[in-house]
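Scroll down for the structure; my scribbles are underneath it.
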Amino acid sequence: MKFVTLILVMALSLLATQITTAQTPINVVTTTGMITDTAQQIGGDRVQVTGLMGAGVDPHLYRPTASDIQTLQN
Numbered sequence: 011m012k013f014v015t016l017i018l019v020m021a022l023s024l025l026a027t028q029i030t031t032a033q034t035p036i037n038v039v040t041t042t043g044m045i046t047d048t049a050q051q052i053g054g055d056r057v058q059v060t061g062l063m064g065a066g067v068d069p070h071l072y073r074p075t076a077s078d079i080q081t082l083q084n
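Going from the sequence shown to this note's numbering is simple: count from 1 and add 10.
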């Protein structure tokens, strides 16, 4: 009986892995361009990266817009 339970647990673990890899990409919201690039490099096809600040924006002077807040909430 223990052997059957072990086989069942192993089979379900493999099935869960298959389900996880078939899901849609994870949404990632980043602040600066450097973090955006890093998230894209690490995540590859598994992530959908949205950067809040474009190139040349000073992070110290950045003020979020209404659309930035909406992006964060989604």
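Even glycine gets a Cβ: it sits at the ideal position worked out from N, Cα and C. Values in this document were obtained by computation on a predicted structure and should not be read as measured data.
### Message
Going by DSSP, what residue range makes up the alpha helix (DSSP H) through G54?
### Response
Note, G54: premise wrong, no alpha helix (DSSP H); not H, not E.
### Query
Taking the alpha carbon of P74 as the point to measure from, which residue in T40, I17 and V14 has its own alpha carbon closest?
T40
### Query
Secondary structure at Q33, three-state DSSP: helix, strand or coil?
coil
### Query
What residues in its chain sit with their C-beta under 6 Å from that of L62, if we drop five residues either side in the sequence?
T41 and D78
### Task
Quick one: give me the first and last residue of the alpha helix (DSSP H) that L82 is part of.
A76 to Q83
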